[in-house]
Amino acid sequence: MATTFDISPEKRASFRHYLYRQLFVTPPPVLQRDVNLSGKTAIITGANGGIGLEVARQLLDLGCKVILTVRDEKRGETARQELINGRSLAPEFVQVWKLDLSSYESIIAFAERAKTLKSLDIAILSAGIFKVTESFSSSTGYEEGVQINFLANMLLTVLLLPIIKEKRTPGQPGHICVVSSDTAAWTKFEEGSSTPVLPAFKRKSPNWDMSDRYGATKLLGQLFLTELAKHVSSSVVTLSFANPGFCSGSELARETSGIIRVAYKIQSYILSRKSFVGARTLVHAVTTLGEKAHGQYVEDAKVQPTAVLMYKPEGLRLSKQVYEETLDELSFAGVRDIIDQVSKVR
Ligand SMILES: NC(=O)c1ccc[n+]([C@@H]2O[C@H](COP(=O)([O-])OP(=O)(O)OC[C@H]3O[C@@H](n4cnc5c(N)ncnc54)[C@H](OP(=O)(O)O)[C@@H]3O)[C@@H](O)[C@H]2O)c1
């Protein structure tokens, strides 16, 4: 049955509604009396700071073991100490694992390590970047935002699917939530008119715009995950993409300087919510929303319409096209076979 919403995609995507959400909506926390994650394990990427760290804290409060993935293990240890401070926990309750999304080898090695876990129920993929200037990955040639926010995160999603399928709590679905953004609904996505689409992100853009490109990296994720979700049963693993909203206490704007930095600070002062508030939505996506979140965009703790494009024939076509191109791009990791295996419900 098609999901129904209490708001149209157009209204949700409007700047006015964004302002309303930022200023007047506060997603509620997931309460211990409603959700108990004892005996479960979660992976949280980008967990040494910002929204990822707050997600880890909230999952830990609900009794979940957490694996913080970091590229700098020293910063990971600082985050671990912050999380365990004041709690009496066995050492395996909060672990720090290395993962560098700019390297496919690192992602594959990380997934191999995850196969050694006794249990794995949840993955929240929060690691991401906001590029201020256009630069390209030296290993793949893709623009760096697309490489990290999209290709690396989609590879990790697919590699984690069979592991969660096998190691989740018996009889309950596992959950993967990839962190998205308001900006996915705002990008002009000019590259979408190229055929094929992905190679357009290897070329220098004549109209580089940092916000537009960041939005494109998140829209690519929505296009791919919407299609991927059709191949995975929600009773096995739910796949969602969730928007924390514009949050302070984050280093996402670390590359900004000068006037852009000042504008960011002013906007943040007026509009942002704290990272722990934004993190709540991601925790809802993998707990209270259950199978309803599958293939859906989650915002302010509920399922909401995705970018307007996704409801148009062009969006449906692009979703399939981006999905196929991405599976070809990631074929070195056997992603098609992995999805075929996972799609066989057991
Ligand atoms: N903050 C917002 O207003 C906002 C709004 C909507 C969506 N989001 C999304 O929320 C997610 C978290 O962002 P945030 O605000 O928490 O930003 P943040 O404070 O900058 O955190 C980003 C995390 O990603 C990690 N990361 C970046 N590149 C990586 C790589 N190549 N390999 C592994 N880890 C990498 C960072 O690690 P290092 O510390 O080592 O760099 C950091 O832990 C992102 O996906 C972002 O796009 C944020």
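Numbering (the numbering used here) for the sequence shown: 3 to 348. We put the CB at the ideal spot given by N, CA and C, even for glycine.
Three-state secondary structure (DSSP) of Phe138 | Strand, per DSSP.
Residues bridged to Ala125 (per DSSP) = For Ala125, the beta-bridge partners assigned by DSSP are Ile45 and Ile178.
Should Pro175 go down as buried or exposed, given a rule of 16 or more other Cβ atoms within 10 Å for buried?
-> Under a 10 Å Cβ-count criterion, Pro175 is classified as buried, with 16 or more other Cβ atoms of the shown protein chains found around its own Cβ.
DSSP three-state call for Ser235: helix, strand or coil?
-> Residue state, collapsed to three classes: coil.
Could you tell me which residues DSSP puts in a beta bridge with Ile69?
-> In DSSP, Ile69 forms a bridge with Ile45 and Gln97.
Between the beta-carbon of His296 and the beta-carbon of Ala231, is there less than 7 Å?
-> Closer than 7 Å, so yes.
Does DSSP put Leu200 in a helix, in a strand, or in coil?
-> If DSSP states are grouped into helix, strand and coil, Leu200 belongs with the helices.
Can you tell me whether DSSP reads Glu253 as helix, strand or coil?
-> Glu253: coil per DSSP, three-state reduction.
For Ser40, which residues from the same chain have a beta carbon less than 6 Å from its beta carbon, with the 5 sequence-adjacent residues on both sides left out?
-> Result list for Ser40: Gly65, in chain order.
Got a sec? Which residues, its chain only, sit under 7 Å from Phe152 by beta carbon, not counting five neighbours each side?
-> The beta carbon of Phe152 is closer than 7 Å to those of Thr219, Leu222 and Gly223 in its chain, skipping five residues each way along the sequence.
Beta-carbon proximity check, Thr290 vs Val32, cutoff 7 Å = With contacts defined by Cβ atoms closer than 7 Å, Thr290 and Val32 form a contacting pair.
Does the beta-carbon of Asn245 have 16 or more other beta-carbons within 10 angstroms, so that it is buried, or is it exposed?
-> Under this definition Asn245 is a buried residue.
Use the C-beta contact count for Asn38: other C-beta atoms within 10 angstroms, 16 or more gives buried, fewer gives exposed.
-> With fewer than 16 Cβ atoms within 10 Å of its Cβ, Asn38 is classed as exposed.
Which word fits Trp188, buried or exposed, when buried means at least 16 other C-beta atoms lie within 10 angstroms of its C-beta?
-> By the 10 Å Cβ count, Trp188 comes out buried.
Specify, as a first and last residue, the run of the alpha helix (DSSP H) that Gln343 falls within.
-> That run of the alpha helix (DSSP H) goes Val337 to Ser345.
Cα-Cα separation, Tyr299 to Gln343 | Computed Cα separation, rounded: 25 Å.
Which whole-angstrom value describes the C-beta separation of Ala116 and Ile46, a residue pair presumed to lie in contact below a C-beta threshold of 8 Å?
-> Between Ile46 and Ala116 the Cβ distance is about 13 Å, and since that is not below 8 Å, they are no contact.
Using the beta-carbon count (16 or more within 10 Å), is Thr118 buried or exposed?
-> With fewer than 16 Cβ atoms within 10 Å of its Cβ, Thr118 is classed as exposed.
Determine the DSSP secondary structure at Val279, reduced to helix, strand or coil.
-> Val279: helix per DSSP, three-state reduction.
Counting along the chain, where does the beta strand (DSSP E) carrying Val57 start and finish?
-> It is not in any beta strand (DSSP E) - Val57 instead sits in the alpha helix (DSSP H) that spans Gly52 to Asp63.
Heavy atom of ligand 1 within 6 Å of Val181 beta-carbon = Between ligand 1 and the CB of Val181, the shortest heavy atom gap is smaller than 6 Å.
Phe248 CB to nearest heavy atom of ligand 1 below 6 Å | It does: the Cβ of Phe248 is within 6 Å (strictly closer) of some heavy atom of ligand 1.
CB of Ala287 within 7 Å of CB of Ala186, strictly | No, Cβ-Cβ distance for Ala287 and Ala186 is not below 7 Å.
Within 6 Å: the Cβ of Ile107 and any heavy atom of ligand 1?
-> In the sequence on display, residue 107 carries Glu and not Ile. Result no, Cβ not under 6 Å from ligand 1.
Glu326: first and last residue of the uninterrupted alpha helix (DSSP H) it sits in = Per DSSP, Glu326 is one residue of the alpha helix (DSSP H) stretching across Pro315 to Glu331.
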